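Sequence lines, in order, name chains P and L.
1518 is the number that the numbering used here gives the last residue of the first sequence; the numbers go up by one with no jumps.
314 is the number that the numbering used here gives the last residue of the second sequence; the numbers go up by one with no jumps.
Notes follow the structure.
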Amino acid sequence: MALTREQLAQRVAQELQDGYYVNLGIGIPTLVANYIPEGIEVMLQSENGLLGMGQFPTEAEIDADLINAGKQTVTMAKGASIFDSAESFAMIRGGHVDLTVLGAFEVDVNGNIASYMIPGKLIKGMGGAMDLVAGADNIIVTMTHASKHGVSKLLSNCTLPLTGKGCIKRVLTDLAFIEIKNGKFYLLERAPGVSVAEIISLTEGELVVEGDVPEMQL
Amino acid sequence: MAGFDKVVSSYEEAMAGLEDNMTVIAGGFGLCGIPENLIREIQRKGTKGLTLVSNNCGVDDFGLGILLPDRQIKKIIASYVGENAEFERQMMSGELEVELTPQGTLAEKMRAGGAGIPAFFTATGYGTPVAEGKEEREFDGRHYILEPAIKGDFAIVKAWKADRYGNLVFRKTARNFNPMAATAGKITVVEVEEIVEPGELDPDHIHTPGIYVNRLILGTFEKRIEQRTVRSDSE
């Protein structure tokens, strides 16, 4: 079975380590915050200028001056700090954020990512995504493996305009956990009940399968 | 106004000198920390042909979005737009020029503009549509593109508190682009929720020194929320 959005978030959360500063993109990445493992501390960075993002506010706690990068009202966690946008992106661009999780339309075997623009459709912009992919060393892309019509999104070459070039090393799809190196995809794990054959058939870029590929433990 | 006292008493006075075809840098992220009354004054003045530099462009009836119906904006430099129908219509029809700029690059362009740095190299956008037409350079095996700084004829800023000398304190994530915007305007206009006497703010707690501020006005704010998201009290 393909992973649900919640399961994708659960699997990403397993990559969190104690003391990590983490930037979570909008959508599935945001859900990762719900699955932070017991006993570890992570601090969430929101690129509009907050390190130490807390949970959503109660009605009584709502503050128009306190939002996240998705423009949602939030709270601050204990030990939070506030800064301006230049400082925020100094953190990001300077490689100080330990893990970045964001979505994509396409990735390819060279670590290229396309995530912000579909020509001919409404273009809303890249927001902070280009800075995040250029600045972070440790990035996990979360996405669906293929379109509803079975068209692969893991390609030999991205077809859409790029968000970043050669910057993605790990991709978690609803079917598989994949590493990108040496111009190839490497199959690390498969979603529970999903066969290697199915993953191969839905991966357009070259996919290396070595030995028995374990199922994800969720 | 006398000496270092930057306080003006009307919005008309605050935005005096803004003319057609000028460049205006605006602070704010989404609808958070936007100079909402200064934007309304631009709408009232009817200034046209403006180039706006702002992370976003408001919504249909609030924030920079209110400058769209009368076609006051010729061009916008932003990282994320399209939260309003009129914006989408003008962009698709080509009436409004949109220069999409990565958020961190946009912040740094303002910072550089205010700091006397004409351009800077960044890895952000290398190999993407953002790099088109820009100089590329390799440092230590990594590729970078040259991004020019931005300066504005005006900068419009929202802060929380100020003293009469224009020393500013921002509140929570309403800070965002405001401190950089404040440095990058030939004329920087700031609206605030409270003005105190010089000496009342702790110098260690000032986010933006008054040297960057030309005009200061006390406003009242709606502070509209774009995505009201709550958890239930029982959680």
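Virtual Cβ for every residue (Gly too), placed ideally from N, Cα, C.
Source: prediction; values computed, not measured.
Just checking my contact of G107/L with K237/L at CB under 8 Å: how many whole Å lie between their CB atoms?
On the second sequence, position 28 is the one that residue 107/L refers to. On the second sequence, position 158 is the one that residue 237/L refers to. Rounded, the Cβ-Cβ distance is 7 Å, consistent with contact.
Closest Cα partner of G1394/P within the set T184/L, T180/L, F166/L
Locating residue 1394/P in the first sequence gives position 94, counting from the first residue. Looking at the Cα atoms, T184/L is the closest of the given residues.
Within 8 Å, do at least three Cβ pairs link the stretch 1371 to 1390 of chain P to the stretch 271 to 281 of chain L?
no
Since A253/L meets chain P, which of its residues come closer than 7 Å, beta carbon to beta carbon?
Locating residue 253/L in the second sequence gives position 174, where the first residue counts as 1. Those are D1365, listed as they occur along chain P.
Coarse secondary structure for Q122/L, derived from DSSP in three states:
Along the second sequence, read from residue 1 onward, the residue named residue 122/L stands at position 43. Reduced to three states, the DSSP call for Q122/L is helix.
Do you know how far the Cα of G82/L is from the Cα of T203/L?
Translated into positions along the second sequence, residue 203/L becomes position 124. Translated into positions along the second sequence, residue 82/L becomes position 3. Each residue's alpha carbon lies about 43 Å from the other.
CB C136/L to CB A164/L, shorter than 8 Å?
Reading the second sequence from its first residue, position 57 is the one you call residue 136/L. Reading the second sequence from its first residue, position 85 is the one you call residue 164/L. Cβ atoms of C136/L and A164/L: not closer than 8 Å.
Hey, would you say A78/L sits closer than 8 Å to I229/L, going by beta carbons?
No answer is possible for residue 78/L: the residues shown for chain L start at 80 and end at 314.
Determine the burial state of I290/L: buried for a count of at least 16 other Cβ atoms within 10 Å of its Cβ, exposed for fewer.
Numbered from 1 along the second sequence, position 211 holds the residue referred to as residue 290/L. Answer is exposed; the Cβ neighbour count stays below 16.
The beta strand (DSSP E) that contains N1323/P, what's its start and end?
Along the first sequence, read from residue 1 onward, the residue named residue 1323/P stands at position 23. In the DSSP assignment, N1323/P falls within the unbroken beta strand (DSSP E) covering 1320 to 1324.
Under the rule that 16 or more other beta-carbon atoms within 10 Å means buried, what is G1427/P, buried or exposed?
Position 127 of the first sequence holds residue 1427/P. Buried is the call here.
Opening and closing residue of the alpha helix (DSSP H) in which L1331/P lies
As a first step, residue 1331/P is located in the first sequence; it is residue number 31 there, counting from the start. Start and end: 1328 to 1331.
Proximity winner among P282/L, G112/L, R123/L, relative to A93/L (alpha-carbon distances)
By 1-based counting over the second sequence, the position of residue 93/L is 14. The residue with the shortest Cα to Cα distance from A93/L is R123/L.
What would DSSP say about V309/L, mapped onto helix, strand or coil?
Taking the first residue of the second sequence as position 1, residue 309/L is located at position 230. If DSSP states are grouped into helix, strand and coil, V309/L belongs with coil.
Determine the DSSP secondary structure at H284/L, reduced to helix, strand or coil.
The residue labelled residue 284/L in the question sits at position 205 within the second sequence. Helix at H284/L.
Measure the C-alpha to C-alpha separation of L147/L and L1487/P and round it to an integer number of angstroms.
For the purposes of this step, residue 147/L is taken as residue 68 along the second sequence, with counting starting at 1. For the purposes of this step, residue 1487/P is taken as residue 187 along the first sequence, with counting starting at 1. Computed Cα separation, rounded: 49 Å.
K1371/P in three-state terms, based on DSSP
As a position in the first sequence, residue 1371/P is number 71, starting the count at 1. Residue state, collapsed to three classes: coil.
Chain L partners of N1410/P, CB-CB under 7 Å?
Working through the first sequence from its first residue, we reach residue 1410/P at position 110. Correct list: empty, because the minimum Cβ distance to chain L is about 10 Å.
From the beta carbon of K127/L, is the nearest beta carbon of chain P less than 8 Å away?
For the purposes of this step, residue 127/L is taken as residue 48 along the second sequence, with counting starting at 1. It does not; no Cβ of chain P falls within 8 Å.
DSSP puts F200/L in a beta bridge; with which residues?
Counting from one through the second sequence, the residue named residue 200/L turns up at place 121. F200/L is bridged to L225/L.
For the alpha helix (DSSP H) that contains L84/L, what are its first and last residues?
Sequence index remark: in the second sequence, residue 84/L carries index 5 (1-based). Inspection of the sequence shows that residue 84/L is occupied by Asp rather than by Leu. First-last for D84/L: undefined, no H or E at that position.
Should T130/L be flagged as near chain P, meaning a C-beta pair shorter than 8 Å?
Numbered from 1 along the second sequence, position 51 holds the residue referred to as residue 130/L. Closer than 8 Å: no.
In angstroms with no decimal places, state the Cα-to-Cα distance between N255/L and E1506/P.
Taking the first residue of the second sequence as position 1, residue 255/L is located at position 176. Taking the first residue of the first sequence as position 1, residue 1506/P is located at position 206. Rounded to the nearest angstrom, the two C-alpha atoms are 42 Å apart.
Which one of P1329/P, N1412/P, G1319/P, P1357/P has the shortest CA to CA distance from E1479/P?
Along the first sequence, one-based indexing puts residue 1479/P at 179. Of the listed residues, the one whose Cα sits closest to E1479/P is N1412/P.
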